[in-house]
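For reference, the structure discussed in these notes is given below.
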Amino acid sequence: MLQFLIRRLTGAVVIMFLIGAFTFFLFYTIPQDFAELSCGKNCSPENIAVIRENLGLDKPITTQFWDFMVGIVTGRDFPVGHCPAPCLGVSFSTGDFVWASIMDRFPLTLSLTVGGLVIFLVLGLASGLIAAWKRGTMVDKAVSGASMVLSSFQIYFLGPIVLGIFVYSTGWMENPKYVPFTDDPIGWAYGLLIPWAVMATIFTAQYTRMARSTMIEQLQEEHVRTARAKGMRQRYVFFRYAWRGSLAPIVTILGMDLSALLAGAVVTEFTFQLAGIGRLAVESSLTKDLPLTMGVMLFGAFFILILNIIVDLAYAYIDPRVRLA
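Here's what the structure looks like:
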């Protein structure tokens, strides 16, 4: 187990380095003076020269890249102040530290992810189990039919419809907004209720279909049939043997969905006008803000790599036949 963790974490560090290097040098192929971009319109050459020096843009590209990577571990000193580790540089467009900008947006993205995850995971797995338990009955057909229809919806289609009905037409609810949980837990939940509901509707349908299909497949396995032949109760066999085996593919997809949501649900945040990580990524790309874009990419890559490791570890717990070699 320890060797597996060391190997995977080492690989994650290498991948993060390669992602940072690729993004950094890719942006320098853009024919754009970043100092001029940061200075804005009607900026004198003297001011551009000062900004170029302050941002370290007067140094060779390799030196800039090395300073950036070292700053992630040790921090860096800028004319605007010391940037503590993990230092991802200073935004060209705002002049703020990149890590501070990301952390300012992350609570909203985290709240959006966690709330939606709890709802769609509980409802999706429960619906899938019920459909598998009642396979071939009207309950199964109703659940399967509803999940097939709802899974075809998209957030950018369903979101405006829900907003039009519950916000603009009836006025029953307000526009989605973010309130820190520590300030007002009720306002936090109320402000994100509509995005949670839309996300849950779409993801619940997907996880219902997945849970049903994997559960039915597990019920055909030899160890499940053996348990039935021994005279074990159907409910015990269902939850003790089949249910645990069906979790492996669900955990895989859950890890991918969770990492994507934590890295920034761009469509969700733009649909409901929420300023999270996803929206920050788009804004930084449009303004050609290299440090901010790299910071968001590395931030998202970190979650993807870490959650993949967690998924691999979960396999060993879920399925004893899996060995972490």
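Each number in the working numbering corresponds to the 1-based position in the sequence shown with 6 added. The beta-carbon is built from N, C-alpha and C at its ideal position, and this holds for glycine as well.
Residue environment, residue i, which counts as buried when at least 16 other CB atoms sit within 10 Å
i, result
"LEU135", "buried"
"GLY142", "exposed"
"LEU8", "exposed"
"ARG285", "buried"
"TYR184", "buried"
"ASP295", "buried"
"LEU32", "exposed"
"GLN160", "exposed"
"ILE167", "exposed"
DSSP three-state assignment for residue i, whether helix, strand or coil
i, result
"VAL76", "helix"
"PHE84", "strand"
"VAL96", "strand"
"PHE103", "strand"
Distance between residue j and residue i (C-alpha atoms, nearest Å)
i, j, result
"ILE25", "ALA106", "21 Å"
"VAL120", "GLU289", "24 Å"
"MET205", "PHE172", "16 Å"
"TYR196", "ARG14", "40 Å"
"PHE163", "CYS89", "42 Å"
"GLY301", "VAL149", "42 Å"
"VAL20", "ILE67", "20 Å"
"VAL104", "LEU94", "6 Å"
CA nearest to the CA of residue i, picked from the options
i, options, result
"GLN139", "THR214, GLY81 and VAL20", "This sequence places Trp at residue 139; Gln is not what is there. Closest option to TRP139, Cα to Cα, is THR214."
"LEU311", "PHE209, VAL86, GLY151 and ALA266", "ALA266"
"PHE126", "GLY301, ALA281 and ASP263", "ASP263"
"PHE244", "ALA137, ALA307, ALA281 and SER158", "ALA137"
"SER99", "ALA320, ARG58 and SER117", "ARG58"
"VAL124", "ALA152, ALA203, ILE283 and VAL96", "ALA203"
"ILE256", "ASP102, PRO191, ASP318 and THR274", "ASP318"
"VAL128", "ARG82, ALA211, LEU11 and LYS65", "ALA211"
"ILE78", "LYS65, PHE23 and PRO166", "PHE23"
"GLU223", "GLY251, TYR323 and ARG241", "GLY251"
Other residues of its chain near residue i: CB distance less than 6 Å, five sequence neighbours each side excluded
i, result
"GLN85", "Looking at the sequence itself, residue 85 is Pro, so the reference to Gln does not match. Within the same chain, PRO85 has close Cβ partners ASN60."
"PHE71", "PHE30"
Same chain, Cβ closer than 7 Å to residue i, five either side skipped, listed in chain order
i, result
"PRO182", "GLY197, LEU198, ILE200, PRO201, PHE278 and LEU280"
8 Å Cβ shell around residue i - same chain, five flanking residues per side excluded
i, result
"PRO186", "PRO113 and TRP194"
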